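Number of protein chains: 2
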Amino acid sequence: MTESGTAVHDGPRRAGARLTLASSDRDRAVMSTEDFFRWWEHRLARGRFEVTPIPFAELERWGFQEQTGNLGHESGRFFTIEGLRVEDGPTRWQPIINQPEIGVLGILVKEFDGVLHCLMQAKMEPGNVNTLQLSPTVQATRSNYTQVHRGSATRYLEYFAGPRRGDVLVDVLQSEQGAWFWHKRNRNIVVRVDDDVPLHEDFCWLTIAQVRELMRVDNLVNMDSRTVLSCMPFVEPAAPSDPGEFGEALARSYAPDGSVAGTDEILSWFTEAKTRCEWTARLVPLSSVRDWTRTAEEITDDRGEDFRIIAVRVAAANREVAGWTQPLLHPRGRGLAVFVARRIAGVLHILVRAREEYGLLDCVEMAPSVQLLPGQDVSAVDPFLRDVATGHVGRARFDTVLSEEGGRFHHALTRYRVVEVGSEFPVEVPPDYCWMTTRQLMDLLRHGHYLNIEARSLLACVHSL
Amino acid sequence: MTESGTAVHDGPRRAGARLTLASSDRDRAVMSTEDFFRWWEHRLARGRFEVTPIPFAELERWGFQEQTGNLGHESGRFFTIEGLRVEDGPTRWQPIINQPEIGVLGILVKEFDGVLHCLMQAKMEPGNVNTLQLSPTVQATRSNYTQVHRGSATRYLEYFAGPRRGDVLVDVLQSEQGAWFWHKRNRNIVVRVDDDVPLHEDFCWLTIAQVRELMRVDNLVNMDSRTVLSCMPFVEPAAPSDPGEFGEALARSYAPDGSVAGTDEILSWFTEAKTRCEWTARLVPLSSVRDWTRTAEEITDDRGEDFRIIAVRVAAANREVAGWTQPLLHPRGRGLAVFVARRIAGVLHILVRAREEYGLLDCVEMAPSVQLLPGQDVSAVDPFLRDVATGHVGRARFDTVLSEEGGRFHHALTRYRVVEVGSEFPVEVPPDYCWMTTRQLMDLLRHGHYLNIEARSLLACVHSL
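Top to bottom, those sequences are chains P and F.
Final position of the first sequence in our numbering is 465; the numbers increase by one with none missing.
Final position of the second sequence in our numbering is 1465; the numbers increase by one with none missing.
What follows is the structure, given as structure tokens:
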């Protein structure tokens, strides 16, 4: 599993990936996309690092608590691996990451030549499958920015907090993976400045159109960038790549009207779904978790179907500190997240599902039409969606493999697809499902507890169409 | 503590209470307010019941679990009294009510003679200080309406669920007391019907204006009615009682503009407040709670300042079942909740506070300007608000003692005040506080996790001005 930072980024994988800028923005971008990729290669070449799996006994400053068996840091900060017990008919157990601190995921934006640009970061995370990914300006836990691990200060943080803060355009707490995190939220924040901003070599200015186009490159735009991008309500959609019926229906999906269900109706549908939710979940000592086993090197479920908890040693030059060890959650295999999109009365609607996840603070959030965790197969999908999940039905409008958080997850990949279906696909759907326009989804993102992280990633994908 | 149902309702206490209807509605109400009080006296006369404190050992079907010391029902339903451990600098403990089920608080509305009426219920709860209070059409836990205690079916429930459901006007999960409940939410729902509705003798139709006027009677409109009333966004405010500057400023507070802070700014302020919140709270076995002692008859904090957990026997003729025993939470003394209101640029603004409460699902909600739990004194209030809290500053526009939930709390009373302050009161306030218009508060109530139960009660009071 040792990886070298000199590995060359494998570039756009599929022929379909569009890497040209919309003509309107092309000439006004601070950096052309070609130049971006040259800069990216330099970052990769410079960012030497090694990630090596180690036995838990070799973790430094991390250890298993005697009484509970929980795996934590000696400072009590960062995160702990604890147990989760769920009463849901049968009792279920699993390890779960508990990180009660609210971190900051911030993108700084600034106009250059009349075009809004985002300050993006080439950031290494130990669990990344490919060294660096394109990250928000600031991506920091509270432990990071209060420098618990005694590293250097978080760059650009002063623009997001305190007296030097710019104009706040977005500022909302959003959830993360409910299957792996206990009640995790991060602050998604977009701040606009007009002053000159010094540019550090790990950062670059990209137009929103450029970032959206880079979404189509496998494992490039990281999860934290995607969630912040999804919450930007003020940005017009890109000129549709397909100027035909699909493009027109997509454009109308950003308008305030034309939805099949009103917002009050949708809120009532969502309240109903929460009310149906009868399980309860509690943190318990990791040592009390049944059906999972801890060895010297991993914690695994006895059936070998779910994720593993492992430990790694990281040696890198290009992060807040020179090297460290930490636990990571390693999913087995690749996840799948699909938004089914359908024209209804000329307006593109997206099928969302009210999905229960044991680690969510509010039990239920709106999720992709199809969401399979790594290790789950298509039998976990509601029958009316199986042909979409297998790819036998619908036309893929977006299809890219993107990574989940590399700071907590090891090689966690999800295939994100936006699939257009035709009039043969039913408008009437089971009670857990609801058709919504893009605009309705964006409006709900002003608030927390509505769209789960996978749905937000997909919404960022829709913005790139 | 034994109380008799024949005790006469003590009627409007203060001279200031307005019990006349706005003239526009007076002639069109199904029942005049005078007739309402006659009907109410009949309900009181009929609703004989006794509530008697008993030792815990006399509880039937309730008991302390051996391993945890938690107090629960043998069915596992209703609620349990568990322990809460909070890491907030020092570690704090307290008992807390855990009721994971989401109940229904529903008001059925219907037009008579062009005026919207609410179907309200004269409902007995064992903890009520005065036998009956005016309750929503349906007030039922899931255990109630699935008939765990084998009583009769919940009346009118069919209008809120299933195929006979009417038009849903409001449908949102809202929190309850964060000091006493663990993550409690109820479904606040308003449903409109056009069909004839059979009227049971414990129910009556009142116009919204009538219900609002009854808010000024001590301990009449119960907590569950107040929270549902606060969430009704579609109802115009009553004609202001004071047609002068205050009335005009109040009317403008319902308009979509004129606020000193935009909604995005307020959402960012609220996100910031949540991010500052660094404590963590967990349910623990009640037997592990320190600084509290269980005797044969009560669970009390050793300093004698906080609430007590007691047990009661209830004998009544007029409820789902004939008699039962249950635990109740008994606060010592009376709470205080104040909305400070101030004209800013001619628009009435309300001062809300981002308040942390250990039992809230999302840690922080918007709370009254001043909120004192029973047993807390004015030293717990931020200095700039102490003169308002003591009544030395400001003009009371609303001042009534109202009850909290009588199904879980014994004699829990709160004095609710809306106090207008003048231009000597600062517009600049500490970071936990924010000025908002009535309209902004109502808009946020379409979503959960924003206004706490005390702020919602006060908003219902504002609607009655």
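C-beta atoms are modelled at their ideal positions from N, C-alpha and C, and glycine is treated no differently.
Because the structure is a prediction, the values reported are computed rather than measured.
Nearest Cα to Val-129/P within the set Arg-397/P, Met-436/P, His-410/P and Cys-461/P: His-410/P. For Ser-457/P, the enclosing alpha helix (DSSP H) has its first and last residue at 453–463.
The straight-line gap separating the alpha-carbon atoms of Gly-47/P and Phe-203/P is approximately 13 Å. Within chain P, the residues whose beta carbon sits less than 7 Å from that of His-1449/F are His-449, listed in sequence order. Nearest C-alpha to Trp-1269/F among Met-1436/F, His-1183/F, Phe-1036/F and Asn-1452/F: Met-1436/F. Segment contact: the segment 167–187 of chain P against the segment 1264–1278 of chain F, three or more CB-CB distances shorter than 8 Å; contact assigned. Taken through DSSP and simplified to helix, strand or coil, Phe-1036/F comes out as helix.
Taken in chain order, the members of the segment 1081–1107 of chain F whose beta-carbon sits within less than 7 Å of a beta-carbon on chain P are Pro-1100 and Ile-1102. Chain-ordered, the chain F residues with CB closer than 8 Å to the CB of Leu-361/P read Leu-1361 and Asp-1362. The DSSP-derived three-state label of Leu-1336/F is strand.
Each of Trp-1062/F, Trp-1039/F and Ala-1251/F was checked against the Cα of Arg-1313/F, and the nearest Cα belongs to Trp-1062/F. At a C-beta separation below 8 Å, Ser-423/P has no neighbours in chain F, since its nearest C-beta there lies roughly 28 Å away. Cβ neighbours of Thr-390/P within its own chain (closer than 7 Å, five residues either side excluded): Val-378. Listed by position along chain P, the residues whose Cβ is nearer than 7 Å to that of Val-1284/F form an empty set, because the closest Cβ is around 10 Å away.
At the C-beta level, Val-421/P and Val-462/P stay beyond 9 Å of one another. Residue environment: Val-1427/F is assigned as exposed (fewer than 16 neighbouring CB atoms within 10 Å of its CB, all protein chains considered). As summarised for the segment 1077–1126 of chain F, the continuous beta strand (DSSP E) elements at least 3 residues long and confined to that stretch are 1080–1087, 1091–1098, 1103–1112 and 1115–1124, given in chain order. DSSP, reduced to helix, strand and coil, places Phe-1246/F within a helical segment of the structure shown. Where Thr-1414/F is concerned, the enclosing beta strand (DSSP E) starts and stops at 1413–1421.
Exposure of His-1200/F is indicated by the presence of fewer than 16 other C-beta atoms within 10 angstroms of its C-beta.
Taken atom to atom, the span from the alpha-carbon of Ser-1369/F to that of Leu-1351/F is near 5 Å. Of all residues in the segment 1258–1282 of chain F, the ones placed with a Cβ closer than 7 Å to any Cβ belonging to chain P are Leu-1267, Ser-1268, Thr-1271, Lys-1274, Thr-1275, Thr-1280 and Arg-1282, in chain order. Residues His-1449 of the same chain have their beta carbon placed closer than 6 Å to that of Asp-1362/F, with the five preceding and five following residues left out of the count. The shortest C-alpha to C-alpha distance from Glu-1248/F to any of Pro-1327/F, Thr-1207/F, Gly-1335/F and Gly-1346/F is the one to Gly-1346/F.
When 7 Å is used as the limit between beta carbons, Arg-1187/F is near these residues of chain P: Thr-271 and Thr-275, in chain order.
In the three-state DSSP reduction, Trp-1182/F falls in the strand class (E or B).
Rounded to the nearest angstrom, the gap between the Cα atoms of Ile-309/P and Asp-88/P is 24 Å. In this structure, the CA atom of Arg-1165/F is about 22 Å from the CA atom of Asp-1113/F.
Non-local C-beta neighbours of Thr-280/P in its own chain, meaning closer than 6 Å and more than five positions away in sequence, comprise Glu-87, ordered along the chain. Between Gln-1121/F and Thr-1131/F, the C-beta spacing is not below 9 Å.
Excluding sequence positions up to five before and after Asp-302/P, its CB lies within less than 8 Å of the CB of Asp-291, Trp-292 and Thr-293, all in the same chain and listed in chain order. For Arg-1446/F, the chain P residues whose C-beta falls within less than 9 Å of its own C-beta are Thr-263, Asp-264 and Leu-267, listed in chain order. Judged by DSSP in its simplified three-state form, Met-31/P adopts coil rather than helix or strand. Secondary structure note for Val-228/P: its alpha helix (DSSP H) is the uninterrupted segment 223–230.
With a minimum length of 3 residues, the unbroken runs of beta strand (DSSP E) contained wholly in the segment 1272–1322 of chain F fall at 1280–1284, 1292–1294, 1299–1301 and 1308–1316.
The DSSP-derived three-state label of Tyr-433/P is strand.
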